[in-house]
Amino acid sequence: MMILAAQTETNYALSLLLILLSATFTENILLTRFLGMCPFLSISRQLRGAAGMGVAVVFVTTITCAANAALYQFVLLPLKDYIPAESLKLILFIVMIAAVVQLLEMIVERISIRLYFALGIFLPLITVNCAILGASLFMVNQDMLGIRSVVYGFGAGAGWCIAILLMAGIRQRLAKANVPAGLEGPGITLIITGIMALAFVIFQGMIQK
Amino acid sequence: MITILISVGVTCGLMLALTVLLLLAERRLVNFGRCKIDVNHGAKSVEIEGGESLLASLKSGGIYLPSACGGRGTCAYCKCVVTSGGGPVVPTEEPLLTGEEIKNNVRISCQVKVRNDLAVEIPEELLSVREYTGRVERIRDLTHDIKELRIRLLDPPTIEYAPGRYVQLETPAYGDNPEGVFRAYSLSSVPSDAGYIELVIRLVPNGLCTTWVFEHLHEGDEVHFTGPFGDFRLSETGKPMIWIAGGSGMAPFWSMIRHLKETGNSRPVTYFFGAVAQRDLFYLEELTALAEELPWFEFIPALSGKDIADWSGEKGLITDVVRRRVEADTPAEGYLCGSPGMIDAAIAVLHEKGITDERIFFDKFA
Numbered sequence: 001m002m003i004l005a006a007q008t009e010t011n012y013a014l015s016l017l018l019i020l021l022s023a024t025f026t027e028n029i030l031l032t033r034f035l036g037m038c039p040f041l042s043i044s045r046q047l048r049g050a051a052g053m054g055v056a057v058v059f060v061t062t063i064t065c066a067a068n069a070a071l072y073q074f075v076l077l078p079l080k081d082y083i084p085a086e087s088l089k090l091i092l093f094i095v096m097i098a099a100v101v102q103l104l105e106m107i108v109e110r111i112s113i114r115l116y117f118a119l120g121i122f123l124p125l126i127t128v129n130c131a132i133l134g135a136s137l138f139m140v141n142q143d144m145l146g147i148r149s150v151v152y153g154f155g156a157g158a159g160w161c162i163a164i165l166l167m168a169g170i171r172q173r174l175a176k177a178n179v180p181a182g183l184e185g186p187g188i189t190l191i192i193t194g195i196m197a198l199a200f201v202i203f204q205g206m207i208q209k
Numbered sequence: 210m211i212t213i214l215i216s217v218g219v220t221c222g223l224m225l226a227l228t229v230l231l232l233l234a235e236r237r238l239v240n241f242g243r244c245k246i247d248v249n250h251g252a253k254s255v256e257i258e259g260g261e262s263l264l265a266s267l268k269s270g271g272i273y274l275p276s277a278c279g280g281r282g283t284c285a286y287c288k289c290v291v292t293s294g295g296g297p298v299v300p301t302e303e304p305l306l307t308g309e310e311i312k313n314n315v316r317i318s319c320q321v322k323v324r325n326d327l328a329v330e331i332p333e334e335l336l337s338v339r340e341y342t343g344r345v346e347r348i349r350d351l352t353h354d355i356k357e358l359r360i361r362l363l364d365p366p367t368i369e370y371a372p373g374r375y376v377q378l379e380t381p382a383y384g385d386n387p388e389g390v391f392r393a394y395s396l397s398s399v400p401s402d403a404g405y406i407e408l409v410i411r412l413v414p415n416g417l418c419t420t421w422v423f424e425h426l427h428e429g430d431e432v433h434f435t436g437p438f439g440d441f442r443l444s445e446t447g448k449p450m451i452w453i454a455g456g457s458g459m460a461p462f463w464s465m466i467r468h469l470k471e472t473g474n475s476r477p478v479t480y481f482f483g484a485v486a487q488r489d490l491f492y493l494e495e496l497t498a499l500a501e502e503l504p505w506f507e508f509i510p511a512l513s514g515k516d517i518a519d520w521s522g523e524k525g526l527i528t529d530v531v532r533r534r535v536e537a538d539t540p541a542e543g544y545l546c547g548s549p550g551m552i553d554a555a556i557a558v559l560h561e562k563g564i565t566d567e568r569i570f571f572d573k574f575a
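These protein sequence lines are chains G and V, in that order. Under the numbering used here, read the first sequence as residues 1 to 209, first letter to last. Under the numbering used here, read the second sequence as residues 210 to 575, first letter to last.
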């Protein structure tokens, strides 16, 4: 019995690790689903700004995924015989995200003024980022609730963060490169995003959950 | 039916719960307690509830920094030095501050939130700035696009200032303009007439405040303004003065000349006033009469337009007239008021005449 229990525990930890890895890499929300493209294109010019945005996204996806999982599990699922939970969740998740981001801003301002200034304008900006809502929706589609939702949310945010950091690194070098006039700016960025996406898509299916 | 009702109920319930949560959080978290703002090393201190911008907090403590955009972080008039407690410079301030200013702790006060005790340094004369309420007593057309406003002060009943200062006139929300804005206008009245102020306002096409003055403001209306602001003033050196103005740049000089007359001045003053055509000239008779009466005052109006055949005075751009009439290496001081283009051109001419920057004073309006 003891061995079995230990094994389930290891399995559980392993499954969490798999969720994390798949959310970050093989199912990278930006490079395989192409969500959250607006800030990805506009704030990836400098590494510093990209890092700020990336950290803010990790922060917000983790917390909104947890909040939305709780909302889904404790409000929508028990009522699913009476209400169209599947379509209603779209609206309720957006409301939840907007409220949580506001709350988060107040808490961060109170707890760590340094973090507040580091996140700065990015925190309110990502309320309307589709990657945040996307993460919550994919999460419930895959029935990841409880602690797994937190792990998934963190993974999805981290994946987005890694993608924008990679892009910012490339674009800083790109500034010195000789890009054809018609492709400068968003053009070349989208082409590079496509090539990066190929590299990420290739790993899809490698991790079996 | 039941499904719809329950769905709406759940949605509204969630929104209500989140709103209550946010309101509670705001009350508990965004409460910074009483904060003290020390002004000019103890010269004055303001105690307020934290959480508001520095500009608004100072205002509620009776200290008025100039601001034209109403605290939206675009005009940068409300700059002040925050020596401690200001926190890091926020992204909305960065485009408005130079590297030098950031190093010297200059901040855009409407973007600085008061979260703790602060110490600030503001120019001494701003401490005497007050908020005034007045009633428009007279609106007079000076030219086709310039009006003179005479305002009787209600509260406080009198104002004290040196000629050359300006006030910020509040334009209330009207028409498509949802928020009140402040615009700066030089005082054209004489300081001895302490119960009144006068402003000379030229219509700016599509200008928020000037349109309001021209189309919505009537005699008898109540207006609000803050002031006096500015550092444009007469020096005390006793040197001869050259005044150069165009359009509504007349205002400070109309105040100064009458003030000088009242105070028994004897410093030589040469006043160059530029306009396009005769219809753009105003206070012409009054100034000509003053020039005849006062031996130390010379008034030189000049027109630069095309159809001025019956004009017997100076012709050409005001800067060219100055170049013709002022002798080289004059010991005089230059005083300028007008559009940025006119001022830059006039400064160049004064440099030609050997008047260095320390002897040039100007009031540039954008």
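Quick reminder that beta carbons are idealized off the backbone N, C-alpha and C, glycines included.
query, result
"Given this structure, state the Cα-to-Cα distance separating Ile552/V from Ile121/G, to the nearest angstrom.", "39 Å"
"Please identify the residue among Ala118/G, Asn129/G, Gly194/G and Gly185/G whose C-alpha is closest to the C-alpha of Ala51/G.", "Ala118/G"
"Check this for me: beta carbons of Thr62/G and Gly157/G, under 7 Å apart or not?", "yes"
"In the DSSP output, which residue or residues are listed as bridge partners for Gly456/V?", "Note: Gly456/V sits in no beta bridge, so no partner."
"Using 8 Å as the threshold, is the region 415-430 of chain V in touch with the region 370-388 of chain V, meaning 3 or more CB pairs across them?", "yes"
"Do you know how far the Cα of Ser149/G is from the Cα of Leu183/G?", "40 Å"
"Closer than 7 Å, Cβ to Cβ, to anything on chain V: give me those residues from the region 97-120 of chain G, in chain order.", "Ala99, Gln102, Leu103, Met106, Ile107, Arg110, Ile113, Phe117 and Gly120"
"The region 81-92 of chain G: which residues have C-beta closer than 7 Å to a C-beta of chain V, in chain order?", "Tyr82, Ile83, Pro84, Leu88, Ile91 and Leu92"
"Does Cys546/V pass the burial test, meaning 16 or more other C-beta atoms within 10 Å, or should it be called exposed?", "buried"
"Within 7 Å (strictly less), CB to CB, does Val95/G reach chain V?", "yes"
"Note down, in chain order, every chain G residue with its Cβ under 9 Å from the Cβ of Ile331/V.", "Correct list: empty, because the minimum Cβ distance to chain G is about 24 Å."
"Kindly confirm or deny that the region 275-289 of chain V and the region 318-328 of chain V touch, where touching means at least three C-beta pairs closer than 8 Å.", "yes"
"With a Cβ-Cβ cutoff of 7 Å, do Arg359/V and Arg347/V count as a contact?", "yes"
"Since Val323/V and Val248/V should fall inside the 8 Å C-beta cutoff, what is the C-beta to C-beta distance between them, to a whole number of angstroms?", "With a Cβ gap of about 13 Å, Val323/V and Val248/V do not count as contacting."
"Taking 8 Å as the cut-off, does the region 307-314 of chain V touch the region 332-351 of chain V (at least 3 CB pairs, one atom from each stretch)?", "no"
"For Leu145/G, name the three-state secondary structure that DSSP assigns.", "coil"
"Between Glu501/V and the rest of its own chain, which residues show a CB-CB distance below 6 Å, the 5 nearest in sequence each way excluded?", "none"
"Whole angstroms is fine: what's the gap from Ile272/V's alpha carbon to Pro437/V's?", "12 Å"
"Please confirm if Ile246/V has its CB atom under 7 Å from at least one CB of chain G.", "no"
"Considering just the uninterrupted stretch of the beta strand (DSSP E) at Gly187/G, what are its terminal residues?", "Where Gly187/G is concerned, there is no enclosing beta strand (DSSP E), although the alpha helix (DSSP H) it sits in stretches over Pro186 to Val201."
"Mind pulling the chain V residues with CB within less than 8 Å of Leu79/G?", "Ile215 and Val219"
"Which runs of the alpha helix (DSSP H) fall wholly inside the region 214-246 of chain V and span at least 4 residues, in chain order?", "none"
"Is any beta-carbon of chain G found at less than 7 Å from that of Val409/V?", "no"
"Return the chain-ordered list of same chain residues with a C-beta closer than 7 Å to the C-beta of Gly49/G, the five sequence neighbours on each side being excluded.", "Ile43"
"Thinking Tyr370/V and Leu396/V are a contact (beta carbons under 8 Å), I'd like their distance in whole angstroms, please.", "6 Å"
"How many whole angstroms separate the CB atoms of Gly194/G and Cys130/G, which I take to be in contact at a CB cut-off of 8 Å?", "Their Cβ separation, rounded to whole angstroms, is 19 Å, which puts Gly194/G and Cys130/G out of contact at 8 Å."
"If you draw a straight line from the C-alpha of Glu105/G to the C-alpha of Gly514/V, how long is it?", "59 Å"
"Please give the ranges of any alpha helix (DSSP H) in the region 495-538 of chain V, keeping only runs that are unbroken, at least 4 residues long and fully inside the region.", "527-534"
"Short check: CB of Arg392/V to CB of Leu378/V, under 7 Å?", "yes"
"CB-CB under 7 Å to Arg467/V, same chain, minus the five flanking residues each way: which ones, in chain order?", "Val399"
"Check the Cβ-Cβ distances between Pro275/V and every residue of chain G, and say whether any is below 7 Å.", "no"
"Output the distance between the C-alpha atoms of Asp529/V and Gly295/V, rounded to the nearest integer angstrom.", "49 Å"
"Looking only at its chain, what residues have a beta carbon closer than 8 Å to the beta carbon of Cys244/V, apart from the 5 residues adjacent to it on each side?", "Glu256, Ile257, Glu258, Gly259, Ser266, Val323, Arg324, Asn325, Asp326 and Leu327"
"Beta-carbon separation of Thr435/V and Ala403/V under 7 Å?", "no"
"Can you look up Asp489/V in the DSSP assignment and give me helix, strand or coil?", "helix"
"Three or more beta-carbon pairs under 8 Å between the region 189-203 of chain G and the region 84-97 of chain G, yes or no?", "no"
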